[in-house]
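The opening residue of the sequence shown carries number 1 in the UniProt record's numbering; numbering runs sequentially from there. Presented below is the structure to which this report refers.
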Amino acid sequence: MAGETIGIVGAGITGACTANYLSRRSDRRVVVFERDEVAAETTAKSAGYVGVRASHTAAHRALMTRSIHVYNRVIREADADVRHRMLGGLNVATTAAGRAALRDRHRSVTADGDGADAAFARFFDGETIRESLLLPDVRLDGLTAAWFWPNYGYVTPAALATAFADRARDAGAEFRTDTTVLDLERDATGAIDAVRTDRGRTPVDQLVLAAGPWNPTLARSVGVDLPVRHSVAPGVLVDDPTASVHPSLTHHESGVYLRPHGDGQLFIGHYQGDFAAAAPATANPEIPADVPADLRAEILEGAGRLVYGLEDPTVRDQWVGLRSLTPDGNPIVGWTDVDGLLVATYNATGIQHAPAVGHILSQQLLGDEPTQYYDLVSISRFEGYSDVYDGAPT
1 MAGETIGIVG AGITGACTAN YLSRRSDRRV VVFERDEVAA ETTAKSAGYV GVRASHTAAH
61 RALMTRSIHV YNRVIREADA DVRHRMLGGL NVATTAAGRA ALRDRHRSVT ADGDGADAAF
121 ARFFDGETIR ESLLLPDVRL DGLTAAWFWP NYGYVTPAAL ATAFADRARD AGAEFRTDTT
181 VLDLERDATG AIDAVRTDRG RTPVDQLVLA AGPWNPTLAR SVGVDLPVRH SVAPGVLVDD
241 PTASVHPSLT HHESGVYLRP HGDGQLFIGH YQGDFAAAAP ATANPEIPAD VPADLRAEIL
301 EGAGRLVYGL EDPTVRDQWV GLRSLTPDGN PIVGWTDVDG LLVATYNATG IQHAPAVGHI
361 LSQQLLGDEP TQYYDLVSIS RFEGYSDVYD GAPT
């Protein structure tokens, strides 16, 4: 209702999308707290992938469908160059076990009959790769299998988040940058009622945690232990020796992935496993400025095994982010069991899901509406967890 204040912690892509929806759909006061600048933390360090990979979960595909609808409009209207490029994605394997894993995942998606995802995903056996894929710069001889999906590309994450933040500001949202959240306060009933920062105390009626790897610490301060773990997300920019455009490549066995980045460069990253392999979330996570030397060497060696000319690449930039991971690979979005506290955390899919998540949060905040995504994303799906919503999604 008018006069209420909704706070958001974090001005990355999720905080910006949520502020945009809330400001455009209501006359609530919306205040976003950010310790740095807009999109300067986890969002800026993201690989920026957008699109539907056939290997993603059904929940991911449902959320991505809504996000694509929004992105088509926002990217077209953005003042900044969001630099969307459609590349397609190619998962490759170099062992018999990797080949079997990719084939099993392809069969699973095809069996699901999940619309265009099943129809367009294509599996290639090692024997047919070299006569089916025209990729002269990719080392095809060592591949035992490849799995391609076309609806996949990338954006410049910070530019995209800034576009949403600009829209939110135009609609009245307030962004308090260079403002560190120190504590969350609750009233006598246990409901969230204020955010305390290094610039003072701000009363709020409801609060969204959209602070990436800092979410678990903030949630724990008011008694919510999020089922989230973290893994490092290294990124390395190197000179592109090929200057050709090819799909985003992901090596199944090593977790190394790479894509053209524009300006004569390649982006190389490394996926270090799922929730089971990740480290527990810690208070005040420390993120190194540069990729550790041994990990960087491992990543570059892996890239050299995928693409010709990358045996000794020139590194132009590097950074490290933190991925948030959930037990079932789906995001955790919405109400918690603390009145007035909502959360948005992902399974390394923030850029992909942010518009859909902003929609879900705004519906819950403004209309107590769980949305059709509730069963897919509610924290209550995990054993031992509940939220303040006690009805059933419509």
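C-beta: ideal position from N, C-alpha, C; glycine also.
With 16 other Cβ atoms within 10 Å as the buried cut-off, status of residue i
{"i": "GLU41", "result": "buried"}
{"i": "MET86", "result": "exposed"}
{"i": "GLY391", "result": "Only weak support is given to the placement of GLY391: the predicted model assigns it a pLDDT of 45, under 50, and the value that follows is read from those uncertain coordinates. Counting Cβ neighbours within 10 Å, GLY391 comes out exposed, since fewer than 16 surround it."}
{"i": "THR162", "result": "buried"}
{"i": "ALA283", "result": "exposed"}
{"i": "HIS60", "result": "buried"}
{"i": "GLN26", "result": "Note that residue 26 is Ser in the sequence shown here, rather than Gln. Buried."}
{"i": "residue 472", "result": "Outside the shown range of the chain (1 to 394) lies residue 472, about which nothing can therefore be said."}
{"i": "GLN372", "result": "exposed"}
{"i": "ALA277", "result": "exposed"}
{"i": "GLY15", "result": "buried"}
{"i": "PRO288", "result": "exposed"}
{"i": "residue 400", "result": "Because the chain spans 1 through 394 in this model, residue 400 falls outside it and cannot be assessed."}
{"i": "PRO280", "result": "exposed"}
{"i": "ARG229", "result": "buried"}
Sub-8 angstroms separation of residue i and residue j beta-carbons
{"i": "THR57", "j": "GLY321", "result": "no"}
{"i": "ALA93", "j": "THR144", "result": "yes"}
{"i": "ASP198", "j": "THR217", "result": "no"}
{"i": "HIS69", "j": "VAL138", "result": "no"}
{"i": "GLY12", "j": "ALA210", "result": "yes"}
{"i": "ALA168", "j": "ALA19", "result": "yes"}
{"i": "ARG83", "j": "VAL155", "result": "yes"}
{"i": "ASN215", "j": "VAL343", "result": "yes"}
{"i": "HIS252", "j": "ALA101", "result": "yes"}
{"i": "ALA259", "j": "SER244", "result": "The sequence shown places Arg at residue 259, not Ala. No, the pair does not count as a contact, with Cβ atoms beyond the cut-off."}
Span of the beta strand (DSSP E) around residue i
{"i": "PHE123", "result": "122-125"}
{"i": "SER324", "result": "315-325"}
{"i": "ILE269", "result": "The question names Ile, but residue 269 is Gly in the sequence shown. Run containing GLY269: 265-270, per the beta strand (DSSP E) assignment."}
{"i": "GLU174", "result": "174-176"}
{"i": "TYR49", "result": "49-51"}
{"i": "VAL38", "result": "Segment: none, VAL38 is in no beta strand (DSSP E) and carries neither H nor E."}
{"i": "THR162", "result": "Premise fails: THR162 lies in the alpha helix (DSSP H), 157-170, not in any beta strand (DSSP E)."}
{"i": "LEU143", "result": "Looking at the DSSP string, LEU143 is not in any beta strand (DSSP E), and its letter there is neither H nor E."}
{"i": "ASN91", "result": "89-93"}
8 angstroms CB neighbourhood of residue i in its chain, flanking five on each side removed
{"i": "ILE6", "result": "LEU22, ARG28, ARG29, VAL30, VAL31, VAL204, ASP205, GLN206, LEU207, VAL208 and LEU365"}
{"i": "PHE124", "result": "SER132, LEU133, ALA145, ALA146, TRP147 and PHE148"}
{"i": "THR242", "result": "ASP137, VAL307, TYR308 and GLY309"}
{"i": "ALA219", "result": "LEU209, ASP225, LEU226, THR336, LEU341 and VAL343"}
Start and end residues, alpha helix (DSSP H) containing residue i
{"i": "residue 429", "result": "As shown, the chain starts at 1 and ends at 394. That puts residue 429 outside it, with no answer to give."}
{"i": "TYR308", "result": "Neither: TYR308 is in no alpha helix (DSSP H) and is coded neither H nor E."}
{"i": "ARG24", "result": "13-25"}
{"i": "TYR374", "result": "374-377"}
{"i": "ALA303", "result": "293-304"}
{"i": "GLY358", "result": "350-367"}
6 angstroms Cβ shell around residue i - same chain, five flanking residues per side excluded
{"i": "SER46", "result": "PRO157 and ILE351"}
{"i": "CYS17", "result": "PHE164, ALA354, PRO355 and GLY358"}
{"i": "THR250", "result": "ASN91 and TYR257"}
{"i": "residue 422", "result": "Any property of residue 422 remains undetermined from this structure, which presents the chain solely from 1 to 394."}
{"i": "ARG35", "result": "THR180"}
{"i": "SER380", "result": "SER386 and ASP387"}
{"i": "ASP187", "result": "ASP193"}
{"i": "MET64", "result": "VAL52 and GLN352"}
Within-8 angstroms CB hit, residue i to chain D
{"i": "LEU249", "result": "The chain labelled as chain D is not found in the depicted structure, where only one protein chain is given."}
Cβ shell of residue i (< 7 angstroms), same chain only, five flanking positions each side left out
{"i": "GLY126", "result": "ARG99, LEU143, THR144 and ALA145"}
{"i": "ALA194", "result": "GLU185, ARG201, THR202, PRO203 and VAL204"}
{"i": "ASP317", "result": "LEU237"}
{"i": "TYR389", "result": "TRP335 and PRO370"}
{"i": "SER254", "result": "GLY302"}
- [ ] Let me know the beta strand (DSSP E) ranges lying completely inside the stretch 234-263, each 3 residues or longer, listed in chain order.
- [x] 248-251 and 256-262
TODO: Identify every run of the beta strand (DSSP E) within the stretch 184-232, keeping only runs that are complete inside it and at least 3 residues long; order them along the chain.
DONE: 192-197, 200-203 and 206-209
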